[in-house]
Every structure is written in structure tokens, then in C-alpha cells.
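For reference, the structure discussed in these notes is given below.
Right, here's the structure in full:
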């Protein structure tokens, strides 16, 4: 392939600067540049706190750039086609219909689809006032994409506007019906969208990662039956049904034998947390960020059954928290992270008790390297340095960090 270079400041091609680049090299350059662009714009899918509207705008722009590349020549078309269809960002009804129709007419494109991003708010609100048959049509289009694309491993459903959040989620069930994501999807991310029914009567054979952020759900802990699910993250999620006692029904919890990471960033009742911990002794990483967990000690008295736990993150430590003298940490613990949002001014305050308990557990540990203690301390809090020095003298590593505003 011959590439001609423009002279600086010129709009005409300089014949004497013609370069002869082998086609395989030019295609390799295009593939790297295009795929790198996609990786950067899709980074928000990996961590929920990185999600932003700019990411979606960049993604759409990247798709437009790749489309232009497909018009250069046949070789570039083959490379750009894969990048163009590998991760569609569906933001409107016409786009959804066009994309689904293309896949139906060209079945060879189906294996190209790896991930799907659905901007659900625009689709739902565009359907206001339309007949029911239009609703069913859109549902069928999305169902076709989710079921026909055999290489599809990831789906992201989000709402771009905060004002679309909870009111939207309390409406009719999402177009992304649960039965359509049971076969081959490995990662499912919900951001501020529908009331998802993740009841355990559905089996997710391939599901590995489940992220639910700023959503409304029927049961926040109704995990599906997923033999390969290893990570669950629930962030700022509102439960419509205040029947937490139903969570203790094993049929509601579901079976996740491979679960290793459980992150709950919401106010969780003590008895529910205790049941969840006892249900999954194979956990290696446990994050419990909220309020109730430090005011009610009973949930933490069971951490000693987690004989594989390596990373433990607990929520706000306040002067009103339950005493922690009896906390038992597993011998496998590598690091403990705590959030301190109140001045631990007394010797018997929660921070002092935690440090002392952590030190006693470290002495009993069989690990050659002592566990690490990470404290996120509110800048407004006054922590007596002598408390920290006392623990450092005992060989416990302490990292002090300021909480984010």
C-alpha cells in the first residue's frame, strides 16, 4: 500500500514523499489505533465509579471514525467492520432498528458483536404515547441482538440523566428481560436503570461479573444461580420491597459456588449480612460499606468462618458504633480497610478498639508478613498520633489516607 505524505501547511500531495508501506503493516497500525481508541472510551465498563457521559460521547465519536475508515479500501473495510460492530452503543429507536435489521440481513456480522451498550432512557421515553405493538417491536429487536450474537459476552444498560433514574426504574420492567441474558453473557452492568428481576429461578451459565449501580431492584440480594459468577458489586441500589426477612430464604439467595468477591455499598441490615457471610465461606474479598454494619456487631462475629478471606473493607467507624473488642479476623487476612468519619477522641473509642483488636489478631496469625491496616480518615477528624504509634510499635503496618470529599 502506497501512502503519500502532505507537505506541512499544504493541501496538495507531494509526489516525492511517497512511501511504500506493506499492507499488513498499515492494517496492523489501523487495528492498534482503532482498538486502543475503543479500549479508552469503554473503560467505564470495568469500574462503575468511572462511568461518565463523556465516555459514551467518545464511544459514539469513535464509531463514526471507524465508519470512515471502512470507506478507504477493502482491507480497511475488513478491519474497521469488526471494530464498528464489536460494541454498538444503542441510543435511539432508529439506531436500534437499523442495527438489528443489518444483523438480520447479514448473519455473517453476528459473530463480530462482543459487547452491547444500551442507553435505555432515550428508548423508553421515545416510546411514550406509542402503541403497545411498538413496545413489543423494540423488545424483540433487543432480544434478537442478545440471543443471536453468539460471541456477545458483555452488556451495559445505563441511564444518562439522573432525573431519569429512580422514576424510570419504578416503571415497567426493562426491555433487557432476564431470560435473554442467561446463555452466553459473562459480564452484565446496570447503571441507574430498570427494576431488574434477578430471581434465582433463572440460571446464568456463563455469567462471571454482575454490577448493579444506582438501580431499583425487587430484592437487593436475590442473586441468580450462576456457577461461574465470581464478582458481585451492588452500589447505591434501592430496594422496592422492604421484606428483608425474605432474603434469608435460601431459594432467594441462589447458588454461586464460584463467588470470590462480594461488594455491597449500601445500608445493609445486620442479620442479612450475617446470613450472606455464612452462606459463602469461600469469599476472598468482602466490601461492606454502609452504616448499619458498624452499629450492629452481630454480623461481624462470623468473619472467622471466612477461612479464605484476604481483603476486608468495612464502613464508617463512628463513636456510636458497636464495640469491636470481640471481632475475630481470619488468619488469611492480608489487609483491612476502614473508614473513620468521626474524631476518635477517647481511649475506648471505636478506632482504638479496632486497632487493639487488629493487633491481637495479628499476633495470633500464622502469616510471616503481618496484615496491613488502611485507614481512610475524614480530614475533619482528629486522630491521636499516639494511638497509631502504639500499633506501629507492635509491627502492624498502617496506611493513613484522607477520605474523598
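Residue numbers (my numbering): 791 to 1195.
Glycine is no exception: its CB is placed at the ideal position from the N, C-alpha and C atoms.
- According to DSSP, residue 944 shares a beta bridge with 905, 977.
- In the DSSP annotation of this structure, the continuous segment of the alpha helix (DSSP H) that includes residue 893 starts and ends at 883 to 895.
- Minimum Cα-Cα distance from residue 1105 among the listed residues 882, 1153, 1122, 1165 corresponds to 1165.
- The DSSP-derived three-state label of residue 1150 is helix.
- In the DSSP assignment, residue 1021 falls within the beta strand (DSSP E) that extends over 1021 to 1025.
- Within the same chain, 931 come within 7 Å of residue 887 by CB-CB distance, once the 5 residues on both sides are set aside.
- Spanning the alpha carbons of residue 928 and residue 875 requires a straight line of approximately 19 Å.
- Our two residues, residue 1158 and residue 1122, have alpha carbons roughly 11 Å apart in a direct line.
- DSSP, reduced to helix, strand and coil, places residue 1129 within a strand of the structure shown.
- Residue 1099 is not a Cβ neighbour of residue 1078, given a cutoff of 8 Å.
- Taking all protein chains shown into account, residue 897 has fewer than 16 neighbouring C-beta atoms within 10 Å of its C-beta and is therefore exposed.
- Between residue 995 and residue 1153, the alpha-carbon positions lie close to 43 Å from each other.
- Closest option to residue 1071, judged by alpha-carbon separation, among 1046, 1055, 1054: 1046.
- Closest option to residue 935, judged by alpha-carbon separation, among 981, 980, 879, 979: 879.
- Residue 993: not part of any beta strand (DSSP E); DSSP gives it neither H nor E.
- With respect to the C-alpha of residue 997, the residue from 1018, 1004, 980 having the closest C-alpha is 1018.
- In the three-state scheme derived from DSSP, where H, G and I count as helix and E and B as strand, residue 1075 is classed as strand.
- Burial is judged here by how many other beta carbons sit within 10 angstroms of a residue's own beta carbon; residue 1004 has at least 16 and is buried.
- The straight-line gap separating the alpha-carbon atoms of residue 1097 and residue 1002 is approximately 27 Å.
- Judged by their CB atoms, residue 939 and residue 903 are nearer to each other than the 8 Å cut-off.
- The secondary-structure analysis by DSSP pairs residue 879 across a beta bridge with 907.
- Residue environment analysis places residue 892 among the exposed positions, since fewer than 16 neighbouring C-beta atoms fall within 10 angstroms of its C-beta.
- Where residue 1054 is concerned, the enclosing beta strand (DSSP E) starts and stops at 1051 to 1055.
- Residue 943 is a Cβ neighbour of residue 977, given a cutoff of 8 Å.
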